[in-house]
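Here the protein sequences come in this chain order: W and S. For the first sequence, our numbering gives the first residue as 2, with consecutive numbering after it. For the second sequence, our numbering gives the first residue as 5, with consecutive numbering after it. Each residue gets a CB set at the ideal place from its N, CA and C atoms; glycine is no exception.
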Amino acid sequence: AQSVTQPDIHITVSEGASLELRCNYSYGATPYLFWYVQSPGQGLQLLLKYFSGDTLVQGIKGFEAEFKRSQSSFNLRKPSVHWSDAAEYFCAVQRGGTASKLTFGTGTRLQVTL
Amino acid sequence: GAVVSQHPSRVICKSGTSVKIECRSLDFQATTMFWYRQFPKKSLMLMATSNEGSKATYEQGVEKDKFLINHASLTLSTLTVTSAHPEDSSFYICSATSQGTYEQYFGPGTRLTVT
Chain W
2 AQSVTQPDIH ITVSEGASLE LRCNYSYGAT PYLFWYVQSP GQGLQLLLKY
52 FSGDTLVQGI KGFEAEFKRS QSSFNLRKPS VHWSDAAEYF CAVQRGGTAS
102 KLTFGTGTRL QVTL
Chain S
5 GAVVSQHPSR VICKSGTSVK IECRSLDFQA TTMFWYRQFP KKSLMLMATS
55 NEGSKATYEQ GVEKDKFLIN HASLTLSTLT VTSAHPEDSS FYICSATSQG
105 TYEQYFGPGT RLTVT
């Protein structure tokens, strides 16, 4: 069965500082990987996704993520964090094939200090 | 494009009553819809997968008689929480995907409070 681990429950960074959120997955083959962001009381917004090809994926809001097969990781990065980035971030894995269910990590809450 | 709506956004009901939550794909045909439940400060747990015109497939531990899912059209799925109890209070989120695609599009969620 596929699983996702987000080791950091809560991260605090200063505005303007760089950010890296960790995500490790467990799956027998190369999965489809996603990062979502959720503001309090809201649904999920897709930041970026990886299916195949270039292992460095660019997303919205200046986020990027790098797929590293050898480390089973898909870490999310942003060079300069803005106060509006404060939210909950979820990494998710989906096995190949359309209409397959997503398995989510436990989430990382990002706090941004001014 | 790919907008999913949910109605209501918030609902409060009394213990023992039933409540229906709607999930609609506004600009695409959703062949498959997923229902998730999210407890406070927790991740999303998949409850069930529904394909248009078929019975929903429930995840282990989810009571199908309590959480009734209907996906009667390509744009609408409903989740009915029957005989609701306070422990059913939660944030319910749906997502939808169209045939041949991998990405799920999420609704804004419904906050259910059972008193």
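query, result
"Are the region 34-48 of chain S and the region 100-108 of chain S in contact at 8 Å, needing three or more beta carbon pairs?", "yes"
"Taking a Cβ distance cut-off of 7 Å, strictly less, list which residues of the region 5-26 of chain S are near chain W, in chain order.", "none"
"If THR109(W) and TYR90(W) are in contact, beta carbons under 8 Å, what's the gap, nearest whole angstrom?", "5 Å"
"Would the beta-carbon of TYR28(W) fall within 7 Å of that of GLN3(W)?", "yes"
"Can you list, in chain order, the residues of its chain whose CB lies under 6 Å from that of LYS68(S), leaving out five sequence neighbours each side?", "TYR62"
"Going by DSSP in three states, GLN46(W) sits in which element: helix, strand or coil?", "strand"
"Please report the distance separating the alpha-carbon of GLN108(S) from that of SER73(W).", "22 Å"
"So which residues on chain S does GLN43(W) lean against when the C-beta distance must stay under 7 Å?", "PRO112, GLY113"
"Under the three-state reduction of DSSP, which class applies to SER2(S): helix, strand or coil?", "Residue 2(S) is absent from the model: chain S starts at 5 and stops at 119."
"Which class does ILE61(W) belong to by DSSP, given the choice of helix, strand or coil?", "helix"
"Report yes if the C-beta distance between GLY111(S) and VAL8(S) is below 7 Å; otherwise report no.", "yes"
"Closest Cβ-Cβ distance between ILE73(S) and chain W: below 7 Å?", "no"
"Within the same chain, show all residues whose beta-carbon is closer than 6 Å to that of PHE95(S), passing over the 5 residues directly before and after it, in chain order.", "GLN42, GLY113, ARG115"
"State yes or no: is the beta carbon of SER81(S) nearer than 7 Å to at least one beta carbon in chain W?", "no"
"From LEU80(S) to CYS27(S), what distance separates their C-alpha atoms?", "6 Å"
"State the start and end residues of the unbroken beta strand (DSSP E) segment that holds PHE52(W).", "PHE52(W) -> no beta strand (DSSP E), and no H or E assigned at all."
"Give me the subset of the region 48-60 of chain W whose CB atoms are less than 9 Å from a CB atom of chain S, sorted by chain position.", "LYS50, PHE52"
"Would you please verify whether the beta carbon of PHE105(W) is less than 7 Å from any beta carbon of chain S?", "yes"
"Going by C-alpha distance, which of ASN74(S), THR117(S), VAL15(S) is nearest THR53(S)?", "ASN74(S)"
"Could you work out which residues of chain S lie near TYR90(W), taking near to mean beta carbons separated by less than 7 Å?", "Those do not exist, as TYR90(W) stays about 11 Å from chain S at its closest Cβ, beyond 7 Å."
"Count the other CB atoms, across all protein chains shown, that sit within 10 Å of the CB of GLY54(W); report buried if there are 16 or more and exposed otherwise.", "exposed"
"Thinking PHE75(W) and CYS92(W) are a contact (beta carbons under 8 Å), I'd like their distance in whole angstroms, please.", "6 Å"
"Chain W partners of SER47(S), CB-CB under 7 Å?", "PHE91, PHE105, GLY106, THR107, GLY108"
"Starting from ALA100(S) and walking both ways along the beta strand (DSSP E), at which residues does that stretch end?", "94-101"
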